[in-house]
Amino acid sequence: DTGVSQNPRHKITKRGQNVTFRCDPISEHNRLYWYRQTLGQGPEFLTYFQNEAQLEKSRLLSDRFSAERPKGSFSTLEIQRTEQGDSAMYLCASSLVGGYHEQYFGPGTRLTVT
Amino acid sequence: SQQGEEDPQALSIQEGENATMNCSYKTSINNLQWYRQNSGRGLVHLILIRSNEREKHSGRLRVTLDTSKKSSSLLITASRAADTASYFCATDRGNQFYFGTGTSLTVIP
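Protein chains in written order, with the working numbering: chain Y, 5 to 118; chain U, 154 to 262.
Here it is as structure tokens:
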């Protein structure tokens, strides 16, 4: 399968713990995006990378959220000191560079903070 | 926050009928895309229309874009039960990407 993969698929954590999610994009895609989706809502854009450069991060939800893409391949999204309001589906997508390329989404990581 | 809004929020039709859903957005865009999300499955890209295009077709899908009204519509013709899903429009504003709130489509066999 050469699609976008995300790990883990589910994560249950206690409030206050840190969590890290991983996304592996389609291999030839330069761009990688992170979104959050809550029940009944559309995906909410968080940040994106072009190769290893993080080009937009102003929409990360708070300073507890951070993302990296150290070698321009896979990416990680970390949430520190999780809160119950962080419970959501976290989606990753990748695309080719350019304004006219669709994004391919992974299956998501469902986070539950207890 | 969501830049786009789809209308209606929910739509129920009989198999074989056409389904039309609309998307409105707030600011200028580079392109607009439509995605489908089935229950329990990921988002799948359906069609992309550039800001300088007015209409685009792909199989049973027809998308229109009116940049003066900041709106788009998605028409699904000859609907099938498998079209049951949530449909989202997404706008590309350069470095930021916005999805709408979605239209939930139910196609009754």
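Ideal Cβ placement from N, Cα and C applies to all residues, glycine included.
- With the rule of 3 Cβ pairs closer than 8 Å, the segment 10 to 25 of chain Y counts as touching the segment 99 to 114 of chain Y.
- In the structure shown, the three-state DSSP call for Ala163 of chain U is strand.
- By the rule that beta-carbons nearer than 7 Å mark a contact, Gly212 of chain U does not touch chain Y.
- Pairing Leu214 of chain U with Val197 of chain U, the inter-Cα distance amounts to about 14 Å.
- Gly46, Pro47, Glu48, Phe49, Tyr52, Leu59, Glu60, Ser62 and Arg63: these are the residues of the segment 46 to 73 of chain Y whose beta carbon lies less than 9 Å from some beta carbon of chain U, given in chain order.
- Taking 7 Å as the threshold, the shortest C-beta distance from Thr217 of chain U to chain Y does not fall below it.
- Counting along the chain, no beta strand (DSSP E) covers Arg233 of chain U, and no H or E run does either.
- Leu185 of chain U and His210 of chain U have their C-alpha atoms spaced approximately 14 Å apart.
- Contact of Gly89 of chain Y with chain U by beta-carbon distance below 9 Å is absent, the smallest such distance being about 16 Å.
- Looking at the backbone, the Cα of Tyr178 of chain U and that of Thr244 of chain U are separated by about 8 Å.
- The alpha carbon of Gly110 of chain Y has as its nearest neighbour, out of Y:Ser91, Y:Leu59, Y:Pro29 and Y:Gly76, the alpha carbon of Y:Pro29.
- Taking the C-beta atoms as reference points, Ala172 of chain U is found nearer than 7 Å to Ser232 of chain U.
- Neighbours of Tyr104 of chain Y across chain U, judged by C-beta separation under 7 Å: Asn184, Leu201 and Arg203.
- Short of 8 Å from the beta carbon of Met93 of chain Y, and not among the five residues preceding or following it, lie these beta carbons of its own chain, in chain order: Arg40, Gln41, Thr42, Gly112, Thr113, Arg114 and Leu115.
- By DSSP's assignment, Phe49 of chain Y forms a beta bridge with Y:Tyr39.
- The continuous beta strand (DSSP E) containing Asn184 of chain U extends over residues Asn184 to Gln190.
- With fewer than 16 other beta carbons inside 10 angstroms of its own, Val101 of chain Y counts as exposed.
- Per DSSP, the unbroken beta strand (DSSP E) holding Ile16 of chain Y starts and ends at His14 to Thr17.
- The segment 82 to 98 of chain Y makes contact with the segment 17 to 31 of chain Y, as at least three CB pairs between them are under 8 Å.
- Nearest to His33 of chain Y by C-alpha distance, out of Y:Glu72, Y:Thr80 and Y:Gln54, is Y:Gln54.
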